[in-house]
Amino acid sequence: MKNKVSNYSRRNFLAGSATIAGLAAASAVLPTSIAQANHTDDKPTDLPDFAKWKKRSAVIVHSKSGIETHRNEIGSGLITPIRHIYVRNNLPTMTDEQIGKKDNWTVNVEGVKNPRAFTVKQLKSLGFTTVATVLQCSGNGRGYFKHKPSGSQWKTGAAACVVWTGIPVADLVNICGGLASGVKFLTGTGGDLPKGQDPSKALVERSVPLEAYKDALLAWEMNGVDLPNVHGAPIRLVTPGYFGINNVKHLNKLAFTKAESGVRFMKSSYRVYPIGKKGSPEYPTCWEMPVKSWITSPNDDSGKIAAGNVVITGVAFGGMDAVSRVEISTDFGKNWKSAKFVGPDLGKFAWRQFVLELDLKPGTYNLASRASAGGKSQPEVRMENHRGYLHNGWKDHSVTIDVA
Ligand SMILES: Nc1nc2c(c(=O)[nH]1)N[C@H]1C(S)=C(S)[C@@H](COP(=O)(O)O)O[C@H]1N2
Ligand SMILES: [Mo]
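All the letters of the sequence shown, read from the start, carry residue numbers 1183 to 1586 under our numbering.
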C-alpha cells in the first residue's frame, strides 16, 4: 500500500486541475489573543475577509485561496505565529453562519465496529493530546519549477510548524469498538462543499494509508487558540508527516475504508506525474513528506551583510522520520559543514531550527542547506512533475548573499 513518491525516477513527469477559487466569506470569529495581536502599523490589506487578521507584512497574497508566509517571517522561534501561517483553500472558508454552534458540529465515524456520530463537545470530553507537526502544502516550492505549473507560485512559505490539540484518532477507534474488518485507508471528509456542487468534482475528501491513524488526531486547537475558521474550524483531521491536503479542515466524516476515495482531489489532483500527462490513480499521490530544509536568514532580501561572523539559521524536517542532520554549503554545494540544532525538539513531526556561524570575507556566496532523515538526504535537484509538487531539492532553495 505504500505509494512512495521517493521511489519515482527523477525526470520529467504534467498539468491538471484548476483550483476552485476560494470566495471571500464572512469573517471568522477570532480568539481574542489574535484580535489583540493586530498591529496598527500594518499596511492597508488586500487580504480576503476571512484572513484579515493575518499580519499583512508577514505574508504574500497570491490569491484569495493562496496566502504564503515570507521566507523571513516564519518566526525565529520554533512555532509559526498564527498570524503568519499560510492559507490554502480548495473551497471557500466556511463562515460562522455555515458552521453554526461549534460544540454542536458533528463528525460521523464510520468503518469501525460501532459507527456513530460525535459532537465536538463530546469529542472534547473523550480524549486529549498535543502534537507538533509541520503543515506543508504539496506545492510548496512550486515557484521554482521552470515549466510554470498552474497553482500558487509558492517558494518556501506554504509551510508552518503548528502545535495541535485534540483527540487521538486511536482513542476514537477504541471508543467505537475497534476497526471494521478489511479496512485499508483512513478517509477524511470536509464539510466545506458549497450547496449544489458536485461532490465528485469538488468535495475535499482524502484517504491516507490505514497506519496513519495511529499518529492522527482530530484537532480543535492550534498554537493555543481555537481553530480559526480559515484553518478548519471547529475541527480538523491532522495527519502527522503527511502533506497539507491530507489534513482535512472542517472535518465532518472520518471513515475507515477499503478503498481510496473516488473524488477528484484523490483520483486526479495531488498526483505526481510527468509534465504533459494527466493525473490519475496510477501515479503516486501526495502523502508522506520527504526530508526538507531551507535557510531563513540571511536570505535574498537581506541586502549587504557585514563581513565577519555571519549567523545562518533555518528549519529542517524529516516528514515521517526525525531529522538527523543539516549541512550548509557556501559554494554551490562543493563543500558542506554540519549545522547545529537549537531550540526545543518537539518530536519527529515538528521541524527543528538549525544554526551555523561562519566567518565570511567580503564576496558573494550561495548558501544552501541539505537535511537528512531516515537514511535519506535532500537531493540536489527537484523531481520534475506536472503540478510542481514535492519539491525538496536543495539547489533551488539556496540563497545568494553579498558580504561587504
Ligand atoms: N476541508 C478542506 N480541507 C483542506 C483544504 C480545503 O480546501 N478544504 N485545503 C487543503 C490544503 S491543499 C492544504 S495545503 C491545507 C492548508 O491548511 P491551512 O489553510 O490551514 O494552512 O489544508 C488542506 N485541507
Ligand atoms: Mo495544499
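Glycine included, C-beta positions come from ideal geometry on N, C-alpha and C.
| query | result |
| --- | --- |
| Beta carbon nearer than 7 Å to a non-hydrogen atom of ligand 2 | R1270, C1319, S1320, G1321, A1340, F1425, G1426 and I1427 |
| Rounded straight-line distance, which links the Cα of L1361 to that of V1355 | 6 Å |
| Runs of beta strand (DSSP E) lying entirely within the stretch 1337–1365, each at least 3 residues, in chain order | 1341–1350 |
| Cross-strand partners of K1435 (DSSP beta bridge) | N1290 and T1371 |
| Local Cβ density within 10 Å of K1383, reported as buried at 16 or more and exposed below that | exposed |
| S1451 to T1478 span [Cα, whole Å] | 30 Å |
| Ligand 1 heavy atom lying under 7 Å from the CB of G1610 | Lying outside 1183 to 1586, the shown extent of the chain, residue 1610 is not represented and no answer is given. |
| H1266 Cβ short of 7 Å to ligand 1 heavy atom set | no |
| Check whether L1400 and V1294 have beta carbons under 8 Å apart | no |
| Cβ neighbour criterion (16 or more within 10 Å) applied to V1524 | exposed |
| According to DSSP, residues forming a beta bridge with A1555 | V1505 and K1558 |
| Cβ shell of T1222 (< 8 Å), same chain only, five flanking positions each side left out | Caution is warranted here: a pLDDT of 40 is assigned to T1222, below 50, making its placement in the model unreliable, and no coordinate value can be reported. |
| H1252 beta carbon near ligand 1 (any heavy atom closer than 7 Å) | no |
| Beta-carbon contacts of V1187 that lie in its chain and below 7 Å, excluding the five residues immediately before and after | At V1187 the pLDDT is 48, less than 50, meaning the model places this residue with poor confidence; the figure from the coordinates comes in the next sentence. Cβ neighbours of V1187 beyond the five flanking positions: V1454, P1466 and L1572. |
| Cβ-based neighbour list, W1605, same chain, cut-off 7 Å, excluding 5 preceding and 5 following | With the chain covering 1183 to 1586 only, the question about residue 1605 has no answer from this structure. |
| Any non-hydrogen atom of ligand 1 closer than 7 Å to D1374 Cβ | yes |
| DSSP-derived helix/strand/coil call for N1411 | helix |
| Alpha-carbon to alpha-carbon, Y1547 and T1311 | 44 Å |
| Where G1309 falls: helix, strand or coil (DSSP) | coil |
| Cβ-based neighbour list, G1414, same chain, cut-off 6 Å, excluding 5 preceding and 5 following | K1431 and H1432 |
| N1411 Cβ short of 7 Å to ligand 1 heavy atom set | no |
| Pair within 8 Å by beta-carbon distance, N1429 and R1418 | yes |
| Straight-line gap, W1518 to S1511 (C-alpha atoms, nearest Å) | 5 Å |
| Element boundaries [alpha helix (DSSP H), containing A1384] | P1381 to A1384 |
| Whole-angstrom distance between V1345 and L1260, CA atom to CA atom | 10 Å |
| Beta-carbon spacing of V1313, V1407 below 8 Å | no |
| Residue interval of the alpha helix (DSSP H) (run including F1447) | R1446 to K1449 |
| Any chain C beta carbon closer than 8 Å to D1231 | No chain C appears in the structure shown, which is made up of a single protein chain. |
| Boundaries (first-last residue) of the alpha helix (DSSP H) holding Q1335 | Careful: Q1335 lies outside any alpha helix (DSSP H) and carries neither H nor E. |
| Through-space distance from F1438 to N1296, alpha-carbon basis | 12 Å |
| I1583 - containing beta strand (DSSP E), residue span | V1581 to V1585 |
| Extent of the continuous beta strand (DSSP E) run through D1541 | R1534 to L1542 |
| Local conformation of H1244 per DSSP, three classes | strand |
| Contact belief for G1667 with I1242 at Cβ below 8 Å, rounded distance in angstroms | Since the displayed the chain opens at 1183 and closes at 1586, residue 1667 lies outside it and no answer follows. |
| Whole-angstrom C-beta distance between C1319 and G1423, which should lie under 8 Å | Contact flag wrong, Cβ pair sits at about 15 Å. |
| Contact belief for M1502 with G1556 at Cβ below 8 Å, rounded distance in angstroms | 7 Å |
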